[in-house]
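Note that the UniProt record's numbering gives residue 41 to position 41 of the sequence shown, counting from 1, and the numbers run on in steps of one.
By construction, the Cβ of each residue, glycine as well, lies at the ideal position given by its N, Cα and C atoms.
These figures come from a predicted structure and were not determined experimentally.
Okay, structure first, notes after.
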Amino acid sequence: MSTIFSQIVEGEIPARIVYEDETTVAFLDANPLAPGHTLVIPKDEYERVNDVPEDIATDLYATIHRMVPAVEDAVDADATTVAFNNGEAAGQEVPHVHCHIVPRFEDDDDGPIHAMFGQRPDLADDELDDVAADIESRA
Ligand code: 5GP
1 MSTIFSQIVE GEIPARIVYE DETTVAFLDA NPLAPGHTLV IPKDEYERVN DVPEDIATDL
61 YATIHRMVPA VEDAVDADAT TVAFNNGEAA GQEVPHVHCH IVPRFEDDDD GPIHAMFGQR
121 PDLADDELDD VAADIESRA
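What follows is the structure, encoded as structure tokens:
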């Protein structure tokens, strides 16, 4: 079964599409966190960031790069939070990778992404060294 976002790509359900090219599309979020909240997706269905092939990932970033200033200028935002909820445990509800571009304003009081994380781990230097080495070996 195709995702709700594939149905938008296919024109089967309506959306306020603000940009489209061969491989990507951007449209307004139906439940915006701020005016101008925009989603950028690959047209083909990939669930997570790491499922997207490199060439499509390049196209996706190009569309994000294009849309950030367009969104900011359109709603006179001071900044944007640009983020992926990557996987269900991270809050991803639609299993079709999408980048949120959420306009931000000096007085919006919503805080940085860091504000989502209540408990921060207290990691010793050797634990940080171990995890850094582990990540580096897989990169
Ligand atoms: P997630 O939690 O998966 O990162 O975000 C999914 C986003 O998709 C939510 O912000 C939600 O408002 C938006 N959304 C869900 N269904 C639709 C829809 O049918 N149309 C549009 N335009 N946005 C949707």
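At a Cβ-Cβ threshold of 8 Å, Asp59 and Thr24 count as neighbours. Proximity of the segment 121 to 130 to the segment 62 to 78 falls short of the contact definition, fewer than three beta-carbon pairs being nearer than 8 Å.
One Cα belongs to Asp44, the other to Ile64, and the distance between them is close to 16 Å. According to the DSSP assignment, Pro103 belongs to no alpha helix (DSSP H) but to the beta strand (DSSP E) extending over 99 to 104. Taking a C-beta distance under 8 Å as the contact criterion, Glu136 and Pro95 do not qualify as a contact pair.
No Cβ-Cβ contact shorter than 8 Å links Val82 with Ala34. Just so you know, the alpha carbons of Asp130 and Pro32 end up roughly 40 Å apart. Neighbourhood of ligand 1, defined by CB distance below 5 Å to any of its heavy atoms: Ile4, Ala15, Asp29, Ala30, Asn31, Asn85, Gln92, Glu93, Val94, in chain order. Within its own chain, the residues whose Cβ lies closer than 8 Å to the Cβ of Ala77, once the five positions on either side in sequence are excluded, are Ala34, Gly36, Val71, Pro103, Arg104, Phe105, listed in chain order.
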